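Residue numbers (my numbering), protein chains in the order written: chain P, 1 to 19; chain U, 1 to 233.
All C-beta atoms in this analysis are idealised placements derived from N, C-alpha and C, irrespective of residue type, glycine included.
What you are looking at is a predicted structure, and each value in this text was computed from that prediction instead of being measured.
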Amino acid sequence: TERHKILHRLLQEGSPSDI
Amino acid sequence: HSLPGKKTTNKVVSHLVLVEPGEIFASPDPSLPDSDLHTLTTLCEIINRDLLITIGWAKHVPGFSVLSLVDQMALLQSAWMEILVLGIVYRSLPLSEELVVAENFLLDREQCRNTGLLHLHAVLLQLIRKYRKTKLDKEEFVTLKAMALANSDSTNIENVEAVLSLQDHLHEALQDYEKEHHPEDNHRTGKLLMTLPLLRQTANEAVRTFCQIRLEGKIPMHKLFLEMLEAKM
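This is how it looks when you write it as structure tokens:
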């Protein structure tokens, strides 16, 4: 997951509007 | 969210229509002069934004959010370009030769030639013609998009049974929909599923094209787009 941290964060936490 | 175009009794299909993201618009940098590099920069910016939207959309695909985080990542990392390509293809159906990347950002053959996207333009047109001939409707488009996500053939799936069950669920939804709306054509579900190999082939060509653009290093690319491209390498 370190290599794919943005995808990981988007799936785990926020909705795209948070970014 | 768009409202359903026609009533369908299949709940999965009507839910997918309901959660389908709205139109996407380009926001080109006004400080940049019109040029092929500017066109590619705008294209990459739209793709990055479309990726954000796609990840948000995937969470609303029935059955996706119950998968483990690892499996959600694996499906998206495999299928994201197929999902983006299918969106461009669906938006481009009413036009003859232009690619509708965003509502206000169309690419014609000449622009594609000038930006090194001529081959990609040709393979996208083959797919567009195939769906136009089939008269793909919105319900079929949203269901195929979810199927591309579930059917990504990722080798990194932890819970294979759960992903197979998601595929079956979506397959049943498409079959239900076709029984209701195209009772005259028993083969329509099969015809639609038989477009998926060309979709994958086209998406692979798109990934190759953008990996090349990334290697050349002339176009600024956002972090999410780069991360998803790297997952394909």
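Where residue i falls: helix, strand or coil (DSSP)
i              : result
residue 66(U)  : coil
residue 224(U) : helix
residue 95(U)  : coil
residue 210(U) : helix
residue 88(U)  : helix
residue 233(U) : coil
residue 138(U) : helix
residue 219(U) : coil
residue 18(P)  : Because the pLDDT of residue 18(P) is 41, which lies under 50, any placement of that residue in the model is unreliable, and the number read from its coordinates should be weighed accordingly. Note: residue 18(P) maps to helix in three-state DSSP.
residue 75(U)  : helix
Range of the contiguous beta strand (DSSP E) that encloses residue i
i              : result
residue 102(U) : 99 to 102
residue 107(U) : 105 to 107
Separation of residue j from residue i, as counted between CA atoms
i              : j              : result
residue 90(U)  : residue 128(U) : 7 Å
residue 153(U) : residue 24(U)  : 28 Å
residue 123(U) : residue 220(U) : 25 Å
residue 51(U)  : residue 9(U)   : 30 Å
residue 99(U)  : residue 130(U) : 15 Å
residue 85(U)  : residue 49(U)  : 14 Å
residue 126(U) : residue 110(U) : 17 Å
residue 203(U) : residue 232(U) : 11 Å
residue 225(U) : residue 149(U) : 17 Å
residue 121(U) : residue 216(U) : 20 Å
residue 65(U)  : residue 15(U)  : 14 Å
residue 168(U) : residue 34(U)  : 47 Å
residue 207(U) : residue 144(U) : 20 Å
residue 80(U)  : residue 5(P)   : 16 Å
residue 62(U)  : residue 12(U)  : 7 Å
residue 46(U)  : residue 147(U) : 23 Å
residue 158(U) : residue 201(U) : 25 Å
residue 172(U) : residue 77(U)  : 25 Å
residue 223(U) : residue 177(U) : 38 Å
Continuous alpha helix (DSSP H) stretch holding residue i: start and end
i              : result
residue 10(U)  : First-last for residue 10(U): undefined, no H or E at that position.
residue 123(U) : 118 to 134
residue 24(P)  : Here chain P comprises residues numbered 1 to 19, so residue 24(P) is not present and cannot be evaluated.
7 Å Cβ cut-off: residues of chain A touching residue i
i              : result
residue 231(U) : Any reference to chain A falls outside this structure, whose protein chains are P and U.
Contact between the segment 133 to 153 of chain U and the segment 174 to 192 of chain U: three or more CB pairs below 8 Å?
-> yes
Within the segment 143 to 201 of chain U, ranges of the alpha helix (DSSP H) (whole runs, at least 4 residues) | 160 to 181 and 188 to 193
Would you be able to state if there are at least three C-beta pairs under 8 Å between the segment 152 to 170 of chain U and the segment 65 to 78 of chain U?
-> yes
Is the number of C-beta pairs between the segment 170 to 182 of chain U and the segment 90 to 99 of chain U that are closer than 8 Å three or more?
-> no
Taking only runs of the alpha helix (DSSP H) that begin and end inside the segment 19 to 66 of chain U, which ones reach a length of at least 4 residues, in chain order?
-> 36 to 58
Touching by the beta-carbon criterion (3+ pairs, under 8 Å), the segment 33 to 40 of chain U and the segment 110 to 126 of chain U | yes
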